[in-house]
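Reading through the structure tokens given below for one structure.
Number of protein chains: 2
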Amino acid sequence: MSQPTRRQVLSSLAVGAAAMTLAPHVRGQDAQKKLGFAIVGLGRFGAGQLLRSLPECKLCKPVALVSGHPDKAKQLADKYGIDSANIYNYENFDNIKNNGEVDVVYVVLPNSMHAEYTIRAANAGKHVMCEKPMAINVEECQQMIDACKKNNRKLAIGYRLHYEPNNLKAIEIARGGQYGKLRQVVADHGFNISPHEWRTDKKLSGGGPLMDVGIYCLQAARYLSGEEPTHVTAQTWTPKDDPRFKNTDASMAFTLKFPGGTLATCQCSYASHGISEYHFMTEQAYGRLDNGFAYGGITFLLKDRGKPSMLDLPNINQFAAEMDAFADCVNNNKPSATPGEEGLADLKVMMKLYEAAESGKTVAM
Amino acid sequence: MSQPTRRQVLSSLAVGAAAMTLAPHVRGQDAQKKLGFAIVGLGRFGAGQLLRSLPECKLCKPVALVSGHPDKAKQLADKYGIDSANIYNYENFDNIKNNGEVDVVYVVLPNSMHAEYTIRAANAGKHVMCEKPMAINVEECQQMIDACKKNNRKLAIGYRLHYEPNNLKAIEIARGGQYGKLRQVVADHGFNISPHEWRTDKKLSGGGPLMDVGIYCLQAARYLSGEEPTHVTAQTWTPKDDPRFKNTDASMAFTLKFPGGTLATCQCSYASHGISEYHFMTEQAYGRLDNGFAYGGITFLLKDRGKPSMLDLPNINQFAAEMDAFADCVNNNKPSATPGEEGLADLKVMMKLYEAAESGKTVAM
Numbered sequence: 001m002s003q004p005t006r007r008q009v010l011s012s013l014a015v016g017a018a019a020m021t022l023a024p025h026v027r028g029q030d031a032q033k034k035l036g037f038a039i040v041g042l043g044r045f046g047a048g049q050l051l052r053s054l055p056e057c058k059l060c061k062p063v064a065l066v067s068g069h070p071d072k073a074k075q076l077a078d079k080y081g082i083d084s085a086n087i088y089n090y091e092n093f094d095n096i097k098n099n100g101e102v103d104v105v106y107v108v109l110p111n112s113m114h115a116e117y118t119i120r121a122a123n124a125g126k127h128v129m130c131e132k133p134m135a136i137n138v139e140e141c142q143q144m145i146d147a148c149k150k151n152n153r154k155l156a157i158g159y160r161l162h163y164e165p166n167n168l169k170a171i172e173i174a175r176g177g178q179y180g181k182l183r184q185v186v187a188d189h190g191f192n193i194s195p196h197e198w199r200t201d202k203k204l205s206g207g208g209p210l211m212d213v214g215i216y217c218l219q220a221a222r223y224l225s226g227e228e229p230t231h232v233t234a235q236t237w238t239p240k241d242d243p244r245f246k247n248t249d250a251s252m253a254f255t256l257k258f259p260g261g262t263l264a265t266c267q268c269s270y271a272s273h274g275i276s277e278y279h280f281m282t283e284q285a286y287g288r289l290d291n292g293f294a295y296g297g298i299t300f301l302l303k304d305r306g307k308p309s310m311l312d313l314p315n316i317n318q319f320a321a322e323m324d325a326f327a328d329c330v331n332n333n334k335p336s337a338t339p340g341e342e343g344l345a346d347l348k349v350m351m352k353l354y355e356a357a358e359s360g361k362t363v364a365m
Numbered sequence: 366m367s368q369p370t371r372r373q374v375l376s377s378l379a380v381g382a383a384a385m386t387l388a389p390h391v392r393g394q395d396a397q398k399k400l401g402f403a404i405v406g407l408g409r410f411g412a413g414q415l416l417r418s419l420p421e422c423k424l425c426k427p428v429a430l431v432s433g434h435p436d437k438a439k440q441l442a443d444k445y446g447i448d449s450a451n452i453y454n455y456e457n458f459d460n461i462k463n464n465g466e467v468d469v470v471y472v473v474l475p476n477s478m479h480a481e482y483t484i485r486a487a488n489a490g491k492h493v494m495c496e497k498p499m500a501i502n503v504e505e506c507q508q509m510i511d512a513c514k515k516n517n518r519k520l521a522i523g524y525r526l527h528y529e530p531n532n533l534k535a536i537e538i539a540r541g542g543q544y545g546k547l548r549q550v551v552a553d554h555g556f557n558i559s560p561h562e563w564r565t566d567k568k569l570s571g572g573g574p575l576m577d578v579g580i581y582c583l584q585a586a587r588y589l590s591g592e593e594p595t596h597v598t599a600q601t602w603t604p605k606d607d608p609r610f611k612n613t614d615a616s617m618a619f620t621l622k623f624p625g626g627t628l629a630t631c632q633c634s635y636a637s638h639g640i641s642e643y644h645f646m647t648e649q650a651y652g653r654l655d656n657g658f659a660y661g662g663i664t665f666l667l668k669d670r671g672k673p674s675m676l677d678l679p680n681i682n683q684f685a686a687e688m689d690a691f692a693d694c695v696n697n698n699k700p701s702a703t704p705g706e707e708g709l710a711d712l713k714v715m716m717k718l719y720e721a722a723e724s725g726k727t728v729a730m
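Line by line, the protein sequences give chains E and F.
The working numbering puts the first residue of the first sequence at 1, with every later residue one more than the last.
The working numbering puts the first residue of the second sequence at 366, with every later residue one more than the last.
Written out as structure tokens, the structure reads:
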């Protein structure tokens with residue numbers, strides 16, 4: 001598998017954007033093979049979102065589960081018609097290489113385990129989808145890319161919004177030029193986190209809200225501009241008296257500067273009322289996506305040279321869309337719109353954001 | 366006149382906030398003297414907003430004009446029933462000290478002239494209102510405060526949103542505690558500036574969009590938190606090929622960190638589709654003011670622990686409200702909610718923001 005360049009990825013994304021506004025699923029899917037997915041990690045997201053969505057896919061089906069909780073796995077296997085012989089735990093996971101039903105392994109573990117299980121899955125001869133953040137540092141991302149490349153397996157990161165009609169329309173408007181150049185991105189994502197979550201345990205999460213919700217703000221700035229930032233600033237806040245934040249920050253505010261003249265201001269928090277929205281301005285248009293990063297309920301307000309309208313785009317099953325898109329890539333040996341390189345690019349910026357926050361300096365990329 | 370402390374100013378603002386939700390104008394105004402206002406500078410703002418609004422005031426009336434264009438001044442004097450003997454130019458302006466009809470001088474000149482005309486007005490024995498930014502550096506702000514103090518005259522900066530019901534309600538929610546502590550402020554203000562404006566001539570403006578529209582974002586963060594930032598970051602963008610931006614930047618993105626745990630991300634631009642909005646999150650509430658910095662059309666979306674509602678607060682004449690509030694201060698020797706110290710506080714931060722942008726460092730206040 002040849003690794004796509006950033007330009008190729010953007011190009012495939014732009015093509016995807018045009019196609020997605022016609023229909024949320026991939027073309028020619030009736031003639032394609034339905035791929036077997038193994039879900040690794042059966043928490044809220046793996047079970048509640050991915051497993052729930054697989055029956056809605058055109059090109060994917062659930063065939064295996066990997067979990068440390070055999071009872072839970074058995075219950076879910078029964079619910080989704082999965083052969084209980086296809087339940088693995090973390091010790092015997094590598095035996096999945098002998099399971100011809102499994103084409104794709106989807107890794108939905110705590111961030112610090114993404115690299116290990118992606119690499120083990122690739123070494124077992126499986127294509128891999130991995131949740132974001134791809135890993136907890138740049139080196140791990142590169143190892144994951146290398147492992148998939150060595151095994152000639154495809155790798156995609158679970159950036160579901162690259163397959164979501166409202167976000168794709170925003171990209172089209174921001175990059176298309178018909179409203180002039182992109183000038184500003186303003187993105188905000190946060191919520192009040194519960195106590196004792198692995199996401200606030202730095203060993204498992206790799207960092208604070210940036211790794212989990214702030215990455216969406218960074219993504220928005222990157223996919224709207226279609227560029228990589230050149231300079232970043234960041235400030236964090238860590239309360240002294242809140243037991244939720246023993247080894248991560250609670251909030252981060254950051255700015256990104258892009259070579260084409262776009263500035264982005266982003267904020268993320270684990271300690272505020274819920275928010276999931278962004279807006280952007282080109283020279284001649286304003287777009288705002290309320291619930292822009294959410295699983296559904298996204299609305300799109302566009303002001304075209306001051307004139308407002310609500311765009312009426314569908315809210316689709318984003319998980320089904322991203323998994324079907326990956327299956328299409330595997331079946332037809334096409335590059336993913338969200339390959340490992342996309343995850344690596346985010347981690348590069350995120351590490352610089354932590355450096356900026358810690359050093360008190362504007363950091364050049 | 367004793368200068369109010371920051372705490373007193375905030376306290377008067379908070380009291381004002383409660384009162385303003387009952388009625389937009391000051392109390393007991395029927396019994397008060399109607400003060401004579403001289404408008405210095407008859408541009409779009411001085412003529413189009415302030416002069417137009419004075420007839421709507423309960424405690425103020427237009428009595429004099431100061432302009433370098435005698436024909437324009439005569440025309441406006443006739444329109445607003447001002448004695449043409451009360452038209453001054455910039456040379457004979459100091460003669461205004463002999464004019465007993467003039468109680469208040471309102472300075473609406475380019476930023477770099479604010480200090481000179483405020484000081485001359487105070488030395489002429491007049492109370493002074495001055496548009497924001499108060500001046501183009503901290504030293505000038507202090508000189509203006511000192512001149513008014515020396516002459517025992519009151520000084521207020523034209524921060525109209527401190528007298529605006531939606532913004533006052535936002536302050537009440539952000540600081541009141543009933544929704545928990547304030548965590549985030551996200552503010553954005555910008556538009557596409559016309560060529561050849563004094564606002565992009567640094568000698569007159571003192572800087573780029575921060576001085577003109579970004580100051581609203583800074584204000585929002587300061588009046589919502591009720592605190593002064595401790596650390597700031599900033600990045601600017603200056604296009605090489607746009608003749609509008611010969612000696613100022615076109616856009617700035619900045620972050621502010623406050624001692625109580627609030628982070629603010631702000632953006633301002635002279636090169637984007639128009640925007641004037643902010644939102645904020647406490648622990649338990651989300652508030653968004655669309656058109657939040659505008660002269661009218663402000664809407665307020667509140668989410669109370671997730672439950673959304675539109676607050677139905679009036680859009681008042683903000684200019685009439687701020688001038689009546691100042692007249693009330695003069696008549697009753699009360700401190701202004703927006704004294705010179707408020708303008709000085711903004712300039713202190715703005716100078717640090719330019720320092721942060723230029724040095725590439727997070728700057729401590």
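The beta-carbon is built from N, C-alpha and C at its ideal position, and this holds for glycine as well.
The structure displayed is predicted, hence computed values, not measured ones.
- Task: Classify residue 34 of chain E as helix, strand or coil using the three-state DSSP reduction.
- Result: coil
- Segments of 3+ residues assigned as beta strand (DSSP E) that fall wholly inside the stretch 490-554 of chain F: 492-495, 520-522
- Task: May I ask which residues mark the beginning and end of the alpha helix (DSSP H) holding residue 228 of chain E?
- Result: Note, residue 228 of chain E: premise wrong, no alpha helix (DSSP H); not H, not E.
- Message: Whole angstroms are fine: how far does the CA of residue 581 of chain F sit from the CA of residue 367 of chain E?
- Response: Absent from the model: residue 367 of chain E. The displayed extent of chain E is 1 to 365, so no value can be given.
- Item | Near-chain F residues of the stretch 224-250 of chain E (beta-carbon distance less than 7 angstroms), N- to C-terminal order | 231, 233, 235, 237, 239
- Item | Contact set between the stretch 479-501 of chain F and chain E, restricted to residues whose Cβ is under 7 angstroms from the partner | none
- Check each residue of the stretch 274-286 of chain E: if its Cβ is closer than 7 angstroms to any Cβ of chain F, include it; give the result in chain order. 274, 275, 281, 282, 283, 284, 285, 286
- Message: Which residues of the stretch 668-682 of chain F have a Cβ closer than 7 angstroms to any Cβ of chain E? Give them in chain order.
- Response: 668, 671
- For residue 186 of chain E, decide whether its Cβ has a neighbour in chain F, counting only Cβ atoms nearer than 8 angstroms. yes
- Closer than 8 angstroms to chain F by CB, residue 360 of chain E: yes
- Message: Using the three-state DSSP reduction, which class does residue 19 of chain E fall into: helix, strand or coil?
- Response: The pLDDT assigned to residue 19 of chain E is 38, lower than 50, so where the model puts this residue is not dependable; a value taken from the coordinates is nonetheless given after this. DSSP places residue 19 of chain E in helix when its eight states are reduced to three.
- Query: Mind pulling the chain E residues with CB within less than 7 angstroms of residue 631 of chain F?
  - Reply: 265
- Task: Let me know the secondary structure DSSP gives residue 57 of chain E once reduced to three states.
- Result: coil
- Message: Determine whether the beta carbon atoms of residue 657 of chain F and residue 635 of chain F lie at a separation below 8 angstroms.
- Response: no
- Query: Mind checking whether the beta-carbon of residue 351 of chain E lies closer than 7 angstroms to any heavy atom of the ligand ZN?
  - Reply: Ligands displayed in this structure: none; no statement on the ligand ZN is therefore possible.
- Message: With distance defined between alpha-carbon atoms, name the residue in E:123, E:186, E:137 nearest to residue 155 of chain E.
- Response: E:123
- Given a limit of 7 angstroms on CB to CB distance, which residues of the stretch 531-542 of chain F reach chain E? none
- Task: Determine whether the Cβ of residue 291 of chain E lies closer than 8 angstroms to any Cβ atom of chain F.
- Result: no
- Could you pull out every residue in the same chain whose Cβ sits closer than 8 angstroms to the Cβ of residue 285 of chain E, ignoring the five residues on either side in sequence? 173, 179, 180, 302, 303, 304, 305
- Task: Taking C-beta pairs closer than 9 angstroms, name the residues in chain E that residue 634 of chain F reaches, listed in chain order.
- Result: 183, 184, 263, 281
- Note down the Cα distance separating residue 436 of chain F from residue 449 of chain F, rounded to an integer number of angstroms. 11 angstroms
- Task: Given a cut-off of 8 angstroms, decide if residue 353 of chain E and residue 250 of chain E are closer than it, judged by their beta-carbon atoms.
- Result: no
- Message: Using a 10 Å radius around the Cβ and a threshold of 16 neighbouring Cβ atoms, would you call residue 230 of chain E buried or exposed?
- Response: exposed
- Task: Following the continuous beta strand (DSSP E) through residue 648 of chain F, name the residue where it begins and the one where it ends.
- Result: From DSSP, residue 648 of chain F is part of no beta strand (DSSP E); its letter is neither H nor E.
- Query: How close, in whole Å, do the beta carbons of residue 111 of chain E and residue 133 of chain E come, if the pair is a contact with beta carbons under 8 angstroms?
  - Reply: 6 angstroms
- Message: Using a 10 Å radius around the Cβ and a threshold of 16 neighbouring Cβ atoms, would you call residue 427 of chain F buried or exposed?
- Response: buried
- Query: In or out: residue 339 of chain E buried (at least 16 other Cβ within 10 Å) or exposed?
  - Reply: buried
- Query: Ends of the beta strand (DSSP E) at residue 106 of chain E?
  - Reply: 104-107
- Task: Starting from residue 383 of chain E, trace the beta strand (DSSP E) both ways and give me its first and last residue.
- Result: There is no way to answer for residue 383 of chain E, as the model of chain E reaches only from 1 to 365.
- Message: So residue 190 of chain E contacts chain F; which residues on that side make the cut at Cβ distance below 9 angstroms?
- Response: 548, 549, 646
- Message: Within a Cβ cutoff of 7 angstroms, which residues of the same chain sit near residue 189 of chain E, ignoring the five residues on either side of it in sequence?
- Response: 213, 214, 216, 217, 268, 275, 276, 293
- Item | Cβ-Cβ distance between residue 209 of chain E and residue 244 of chain E below 8 angstroms | no
- Query: If you run the structure through DSSP and keep just helix, strand and coil, what is residue 725 of chain F?
  - Reply: coil
- Message: Strictly under 8 angstroms for the Cβ-Cβ distance: is residue 354 of chain E near chain F by that measure?
- Response: no
- Message: Just to confirm, is the Cβ distance from residue 452 of chain F to residue 439 of chain F under 8 angstroms?
- Response: yes
- Query: By how many angstroms is the C-alpha of residue 182 of chain E removed from the C-alpha of residue 356 of chain E?
  - Reply: 25 angstroms
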